[in-house]
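As structure tokens, the structure follows; a few thoughts come after it.
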Amino acid sequence: MNKYVFILLCSLGVSCANESDPEADKANFVRIYDSDLYNASFNPIDLQQTTDGGYLFLGSRKLDGSNFSGAYLLKVDALGAFVSEQLMDEGYVAPAGGLLPLNGNYYFFCMSAPSLETQLVEVSPEGTILETYPVGGTYPTAAAVDGNNFILLGYDNVSRETVVSIVNETGSVLQATGYGIGAGETVEEPIINHFLRTGRQFPFQVGRTSGGQYFFNGFYNYTFSLVFTDLGAGGLGVVQGQQDDGGLSQVVQLTGGTYAAARFNFGDNYFLPNATLGTSGITSSTDLGGFPVPELVKNAPVRILPSKINDKDVVLYASNTKSGQIGIYVYDRSNGEFLGSKYLGFSNPFEVNSMINTTDEGMAIGATTYVTGRFPRITLFKLSAKELSSIF
């Protein structure tokens with residue numbers, strides 16, 4: 000097991016430890032989790048707050064003997080102090096977001112090597128691996144909880160299909176439907192490069208709307224598209240991107256047909272905090288418009304989180320700026336009005352990976368920073384309700 004140290008950082012309004020107020024220590028902090036394995040690489044994938052007030056990270060780590068990344072779990076306490084880590088056996092690779100809570104434990108999908116068969120991993124709130132379940136299929140890209148089951152998005156490289164599956168908590172596939180990506184190796188290439196981390200990391204996503212319709216953000220009919228489906232023979236609703244150069248970065252349903260969304264198009268980024276998406280027929284993501292955000296990196300990853308600040312319903316966006324900071328942008332949930340922004344970061348560059356609401360009405364962000372500008376390390380930003388309310 001690695002010797003782990005955490006670094007406490009104080010900047011940009013995030014307070015240092017306060018011995019006279021332990022609750023304040025839990026409300027605002029920044030932690031960087033460094034390792035004595037200097038050239039090791041650790042990237043967070045997803046983050047959950049556990050019932051003890053601490054946090055559990057699902058991450059990836061570089062493997063010397065594989066083209067794929069390995070799976071990694073990090074448990075920290077309510078103050079962000081290191082508790083434990085699990086470096087999963089190197090036979091399990093390519094962990095896919097997210098870390099999914101179900102019936103008191105957490106789950107994630109990955110692949111077994113060298114077969115590349117999809118596996119479901121069950122984890123305790125303490126970060127201990129409890130069980131692995133064979134699922135079948137290959138190349139899992141995203142997953143979500145749906146009642147007592149999971150919705151899994153994957154890629155079948157034999158049939159060349161994006162596959163949406165319903166999987167129970169012991170890995171049994173209850174239903175699966177495939178959607179052709181199109182013929183030719185050039186269509187498949189960006190998907191494989193995503194897994195090998197030799198190309199762009201695509202914002203794969205899968206879920207279910209409040210009306211019961213399934214959706215996925217992935218490759219379909221030659222294009223990275225947002226697809227709405229009933230998983231049957233019924234018609235599809237497709238919001239087409241621009242092959243692999245444009246599409247939706249993330250979507251979150253707010254109410255009915257209204258979504259908070261973001262899109263990318265040939266390097267540019269747009270926020271749509273109050274968008275109406277076509278869930279039937281064919282439309283184009285470029286027709287959605289949106290607010291341009293030129294300060295973001297090209298084709299920036301975006302995280303969207305409905306929240307409540309000072310009893311006001313808002314939508315939070317987080318993304319990576321060209322200056323190496325994480326930008327947080329706040330919009331009124333009812334009408335999409337921009338309310339304010341805040342930036343996290345200081346001497347090191349930071350990149351956002353996940354964002355969650357916390358039980359104290361604050362927010363936690365899982366992020367990546369780099370030691371000596373080269374080796375990625377997991378970072379935890381914790382912001383209090385008071386800190387968030389200062390944005391607007």
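Residues in the sequence shown are numbered consecutively from 0, following numbering that gives the first Met the number 0. Yeah, the Cβ is synthetic: ideal placement off N, Cα and C, and Gly gets one too.
First and last residue of the alpha helix (DSSP H) that includes residue i?
i	result
N192	E184 to L195
L387	A384 to S388
Which of helix, strand or coil does DSSP assign to residue i?
i	result
L115	coil
Y3	In this prediction, Y3 scores a pLDDT of 49, lower than 50, which makes its location untrustworthy; the coordinate-derived value is nonetheless stated afterwards. Note: Y3 maps to strand in three-state DSSP.
L235	coil
L11	Caution applies to L11, whose pLDDT of 38 falls short of 50 and renders its modelled position unreliable; the value that the coordinates give is listed next. Correct three-state label for L11: coil.
L287	helix
G331	This sequence places Asp at residue 331; Gly is not what is there. In the structure shown, D331 sits in a strand (DSSP, three-state: E or B).
E428	A query on residue 428 cannot be resolved here, the shown segment of the chain reaching from 0 to 391 and no further.
T282	strand
G135	strand
P124	coil
F391	coil
V157	coil
T378	strand
N104	strand
F214	strand
G372	coil
S164	strand
G361	coil
D97	The question names Asp, but residue 97 in the sequence shown is Gly. In this structure, G97 counts as strand in the three-state DSSP scheme.
L230	coil
Please check the pair residue i and residue j, which I expect to be a contact at CB under 8 Å, by giving their CB distance rounded to whole angstroms.
i	j	result
G179	N220	7 Å
L387	M354	Contact flag wrong, Cβ pair sits at about 12 Å.
G53	A77	5 Å
I165	V205	At roughly 11 Å, the Cβ-Cβ gap does not stay under 8 Å, so I165 and V205 are not in contact.
With distances taken between CB atoms, is the gap from residue i to residue j smaller than 9 Å?
i	j	result
G344	I390	no
S59	G69	yes
A317	V296	no
F227	T257	no
A112	Y91	yes
Q292	Y328	Inspection of the sequence shows that residue 292 is occupied by Val rather than by Gln. Contact: yes.
F108	L119	yes
F56	V29	no
A141	G96	yes
L247	A259	no
T371	F349	no
Q174	T127	no
D243	F223	yes
A363	T357	yes
N167	N192	no
F270	G245	no
P375	V301	no
S306	V313	yes
P124	T185	no
L392	S284	Any property of residue 392 remains undetermined from this structure, which presents the chain solely from 0 to 391.
G255	A274	no
Hey, could you find the ends of the beta strand (DSSP E) residue i is sitting in?
i	result
Q324	First-last for Q324: undefined, no H or E at that position.
Y221	Segment: none, Y221 is in no beta strand (DSSP E) and carries neither H nor E.
F392	A query on residue 392 cannot be resolved here, the shown segment of the chain reaching from 0 to 391 and no further.
V144	P139 to D145
G350	The residue you asked about is not Gly; residue 350 is Glu in the sequence shown. Note, E350: beta strand (DSSP E), F349 to N356.
R262	T257 to N264
T254	G245 to T254
G206	Q204 to R207
Q174	V172 to G179
G339	F337 to L343
Cβ of residue i versus every heavy atom of the ligand NAD: is any distance shorter than 8 Å?
i	result
E121	Although the ligand NAD was asked about, the structure shown includes no ligands whatsoever.
Is the CB of residue i under 9 Å away from at least one CB in chain D?
i	result
D33	The structure shown contains no chain D, having only a single protein chain.
*Can you list, in chain order, the stretches of the beta strand (DSSP E) that have 3 or more residues and sit fully within the segment 16-95?*
DSSP runs (the beta strand (DSSP E)) wholly in the segment 16-95: 28-34, 41-48, 54-60, 69-75 and 81-86.
_Ordered list of beta strand (DSSP E) runs contained in the segment 291-323, each at least 3 residues_ = 301-308 and 311-319
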